[in-house]
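Peer 1: Here it is, the structure, as structure tokens.
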Ligand code: GLY
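The following block contains the structure:
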């Protein structure tokens, strides 16, 4: 999620902080990654591991407010209502997570608190049961470990469920990660590798040059040149002018909160209808979310928004609502015109690569996106680039009537 706008922070351009970590020297041979959130950082790391020269341009804080706003859920099965390429992509990324995190710990000593001890998706009442059973039928054909549980068995798995639970689906190998620690570990690994990070750089335009390189122009008129560019600017991606780009990304505000529990008493991620979830973190907080609001590029937290997901939680896990409120916040999810990720080169300019539109699943999809984009930028084809073919930016070409779909 993307949670602040540099152009509304009240500072003039020259007042903005420009911090250069490992500034190095700009080179026409390098790849510029525009956006230092979880996606940009993961792509930069994968590129660096392949020996590519890479530099990140970030307009605010690395990992910013977007990645920091995420609940960190790694739960493919709740993020789509059908089998297909999107589920395959999410499951592939989940399978990469243990190695992705182990690599970061090895390089930095920083743990992002990866927990893969299962997710529950609950049906609070008998009227929710049929939908859950229908989901079980198609999901168990993909993963035989997906299990239908009666309410009592679900309550045994998650002590917060002291209220009414009819039944649940159990995904034993899904889980969550602590997104702020993950981005810290990623930037730790990038710094150790000498990957350049330039902060306070707001890219406004990218222009192909006659020589085949790209001019990357910032809001002060500064120009950097690169062999290739990866666009990983989250909800701000559409604000960058690129000739002939068919990609539009829409910001979707998510309100979210955390309560503080007395110990590590609660354990599992739980999804509940119509679109709520809670995520017990290792630090004793329980993150509860989230709204989906299409209100332009604004972020906001409102009592009505919080009620949206707290009201259906009350009969299910009433104890959570008595815990001290720790924090509320909001961020912007980056949503494409079909609500699916956009991965790959722009048809009109094949050395500009999009890594965007991750919407509700930026944290989950970070490892696979990093590998896919690194393969593409370095000109390799692999099973992962094949997996990503349906997500090509080219799917938006020539179809101006394509609607902004909600999932
Ligand atoms: N991944 C959960 C959300 O976007 O709210």
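In this note's numbering, the protein residues as written are 179 to 585. Think of the CB as a built atom: it goes at the ideal place given N, C-alpha and C, for glycine as much as any other residue. All of these numbers come straight from a predicted model, not from anything done at the bench.
#1: If we cut at 8 Å on Cβ distances, does residue 424 have a partner in chain C?
#2: In the DSSP assignment, the alpha helix (DSSP H) including residue 365 goes from what residue to what residue?
#3: Any chance the CB of residue 467 is under 7 Å from a heavy atom of the ligand GLY?
#4: Does the Cβ of residue 311 have 16 or more other Cβ atoms within 10 Å, making it buried, or fewer, making it exposed?
#5: Can you tell me whether DSSP reads residue 443 as helix, strand or coil?
#6: Roughly how many angstroms separate the alpha carbons of residue 569 and residue 263, rounded to a whole number?
#7: Does the structure place the segment 292–300 close enough to the segment 259–277 that three or more beta carbon pairs sit under 8 Å?
#8: Can you tell me whether residue 409 is buried or exposed, with buried defined as 16 or more other CB within 10 angstroms of its CB?
#9: Under 8 Å Cβ to Cβ from residue 421, same chain only, skipping five residues before and after it: list those, please.
#10: For the structure I just gave you, are there three or more beta carbon pairs, one from the segment 395–402 and one from the segment 427–437, closer than 8 Å?
#11: Looking at the structure shown, is residue 266 part of a helix, part of a strand, or coil, going by DSSP?
#12: Would you please state the rounded distance, in angstroms, between the beta carbons of residue 212 and residue 235? I believe it to be under 8 Å.
#13: Would you report the Cα separation of residue 339 and residue 494, rounded to the nearest angstrom?
#14: Please determine, among 518, 298, 390, the residue with the shortest C-alpha to C-alpha distance to residue 428.
#15: Is residue 567 buried or exposed, if buried means 16 or more other CB atoms sit within 10 Å of its CB?
#16: How many Å lie between residue 415 and residue 430 at the Cα?
#17: From residue 446 to residue 464, what distance separates their C-alpha atoms?
#18: Going straight from the alpha carbon of residue 573 to that of residue 548, what length do you get?
Peer 2: With the given structure in hand:
#1: Looking for chain C here will not work: only one protein chain is present.
#2: Per DSSP, the unbroken alpha helix (DSSP H) holding residue 365 starts and ends at 357–370.
#3: Yes, the Cβ of residue 467 comes within 7 Å of a heavy atom of the ligand GLY.
#4: Residue 311 comes out exposed.
#5: Here DSSP, grouped into helix, strand and coil, assigns residue 443 to coil.
#6: Distance between the alpha carbons of residue 569 and residue 263: 9 Å.
#7: Judged by Cβ distances under 8 Å, the segment 259–277 makes contact with the segment 292–300, as three or more pairs qualify.
#8: The residue in question, residue 409, is buried, as its Cβ has 16 or more Cβ neighbours within 10 Å.
#9: Closer than 8 Å at Cβ, skipping near neighbours: 385, 386, 526, 527.
#10: Result no; under three Cβ-Cβ pairs closer than 8 Å.
#11: Residue 266 falls in the helix class under three-state DSSP.
#12: Confirmed, Cβ separation roughly 5 Å.
#13: If you take the alpha carbons of residue 339 and residue 494, they lie about 6 Å apart.
#14: Comparing Cα-Cα distances from residue 428 to each of 518, 298, 390, the minimum goes to 518.
#15: Flag for residue 567 reads exposed.
#16: Going by the C-alpha atoms only, they are around 13 Å apart.
#17: When rounded, the distance between both Cα atoms is 10 Å.
#18: Rounded to whole angstroms, the gap between the alpha carbons of residue 573 and residue 548 is 21 Å.
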